[in-house]
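Below is one structure; the comments refer to it alone.
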Amino acid sequence: MLKTIIFITIAILLVGCGSRIDSMARTIDYAIFGEDDVELTAEEIEELAYPYQYLTIGEQPRIAVALGFDDGGIYKWLSGNQEVLTTYNGRVINTQGLGNGLTHVTSLDSDPLNCILNQAEDCQLSWTANAQFGRTHAANVQQVKTTFQHQGSKQLLLASGQTVQVEHWQEAMVSDSKRWTNDFWISTENRRVVKSEQKWSVEQPFYRLEELKAYGKELTDSGANNE
173 MLKTIIFITI AILLVGCGSR IDSMARTIDY AIFGEDDVEL TAEEIEELAY PYQYLTIGEQ
233 PRIAVALGFD DGGIYKWLSG NQEVLTTYNG RVINTQGLGN GLTHVTSLDS DPLNCILNQA
293 EDCQLSWTAN AQFGRTHAAN VQQVKTTFQH QGSKQLLLAS GQTVQVEHWQ EAMVSDSKRW
353 TNDFWISTEN RRVVKSEQKW SVEQPFYRLE ELKAYGKELT DSGANNE
């Protein structure tokens, strides 16, 4: 189902954002939700005014989210249902209105994904971070240890119909003796994450993100955004 939403107030959605926020979208052109997976045509994708991604959470129907803000490389993706998904270099670091209440991830500067995206030499592929769910006295903090491993390169056909040459990196995750894996597919041309399956807790559903319309800034940058 494709519905049009006019003039969604971004400030209401993003309370407490930093002063360096650069607004990318004062309106959301498409509010896409319902019982079935969203599937935009090539013509609809071409007409999109802002960068978009497909988002699937667990077994829920696929929706589309638009880039609302770029705050120094921290991207805030907005849905027509007033939900917010925040990513940094392709990593989910915060959610609002999406159920699990991921509020904070520590040590982002040490995330191996940053090094991998920038093709730096001698990347440290292991990392320990704390993921916080909820706020104040009800917060649940989980320590997560991760290790990346390169799974090879291939041609990836995105749901948008675009074919991209990618590197596949798999991230082994461990928290409280529970294990799972995240996956990231990175464009070899522009070093951007074009597809991912990731989560911060074994109990939580996966976030599956797939590029629908690329962000022009990432098409011109040679590496990840690390301001």
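Residue numbers (our numbering): 173 to 399.
Ideal Cβ placement from N, Cα and C applies to all residues, glycine included.
Are the Cβ atoms of W341 and Q323 separated by less than 8 angstroms? Along the sequence shown, read from residue 1 onward, the residue named residue 341 stands at position 169. Along the sequence shown, read from residue 1 onward, the residue named residue 323 stands at position 151. Cβ atoms of W341 and Q323: closer than 8 angstroms.
- request: Can you tell me which of the three DSSP states L250 falls into?
  value: Taking the first residue of the sequence shown as position 1, residue 250 is located at position 78. L250 falls in the strand class under three-state DSSP.
Cβ-based burial, N354 [other Cβ within 10 Å; buried from 16] = On the sequence shown, position 182 is the one that residue 354 refers to. Label assigned to N354: buried.
| request: Identify, in the order they occur along the chain, each residue of the same chain with its Cβ nearer than 7 angstroms to the Cβ of N272, setting aside the five sequence neighbours on each side. | output: Here the question's residue 272 lines up with position 100 in the sequence shown. Counting only Cβ-Cβ distances below 7 angstroms, and skipping sequence neighbours, we find F305 and Q376.
- request: Leaving out five residues on either side along the sequence, give the residues of the same chain with a beta carbon under 7 angstroms from the beta carbon of T278.
  value: Position 106 of the sequence shown, counting from 1, holds the residue named residue 278. So the qualifying residues of the chain are A301 and N302.
* Asked: Between which two residues does the beta strand (DSSP E) harbouring G274 extend?
  -> As a working note, residue 274 is residue 102 in the sequence shown. The displayed chain sequence assigns Leu, not Gly, to residue 274. Annotation for L274: the continuous beta strand (DSSP E) segment containing it runs L274 to V277.
(message) Measuring alpha carbon to alpha carbon, tell me which residue in T308, Y222, R364 and W357 is nearest Q321.
(response) Against the sequence shown, residue 321 aligns to sequence position 149. Comparing Cα positions, the closest option is W357.
- Does the count of Cβ pairs from the stretch 282-293 and the stretch 385-392 closer than 8 angstroms reach three? Because the criterion of three Cβ pairs below 8 angstroms is not met, the stretch 282-293 and the stretch 385-392 do not touch.
Q.
By the DSSP assignment, the beta strand (DSSP E) with N266 in it spans what residues?
A. Here residue 266 corresponds to residue number 94 of the sequence shown, with the count starting at 1. N266 -> beta strand (DSSP E) spans R263 to Q268.
With DSSP collapsed to three states, give me the class of L220.
-> The sequence position of residue 220 within the sequence shown is 48, counting from 1. Here L220 sits in coil by DSSP.
Taking the alpha helix (DSSP H) that E390 belongs to, which residues open and close that run?
Position 218 of the sequence shown, counted from the start, is the residue given in the question as residue 390. From DSSP, the alpha helix (DSSP H) with E390 extends over G388 to T392.
Verify whether the separation of the beta carbon atoms of Y226 and L384 is less than 8 angstroms. As a working note, residue 226 is residue 54 in the sequence shown. As a working note, residue 384 is residue 212 in the sequence shown. Yes; because the gap between Cβ atoms is below 8 angstroms, this pair is in contact.
Quick check: what's the CA-CA separation for D243 versus R363?
Here residue 243 is taken as the residue at index 71 of the sequence shown, counted from 1. Here residue 363 is taken as the residue at index 191 of the sequence shown, counted from 1. Distance between the alpha carbons of D243 and R363: 19 angstroms.
field: Q342 - partner residues in DSSP beta bridges
entry: For the purposes of this step, residue 342 is taken as residue 170 along the sequence shown, with counting starting at 1. Per DSSP, Q321 and D355.
Determine the direct distance from the alpha carbon of T213 to that of E219, and round the result to whole angstroms. Position 47 of the sequence shown holds residue 219. Position 41 of the sequence shown holds residue 213. Taking the straight line joining both Cα atoms gives about 10 angstroms.
- Query: Shortest alpha-carbon distance to T259 belongs to which of Q268, G252 and N253?
  - Reply: Taking the sequence shown and counting its residues from 1, one reaches residue 259 at position 87. Per the C-alpha coordinates, the member of Q268, G252 and N253 positioned closest to T259 is Q268.
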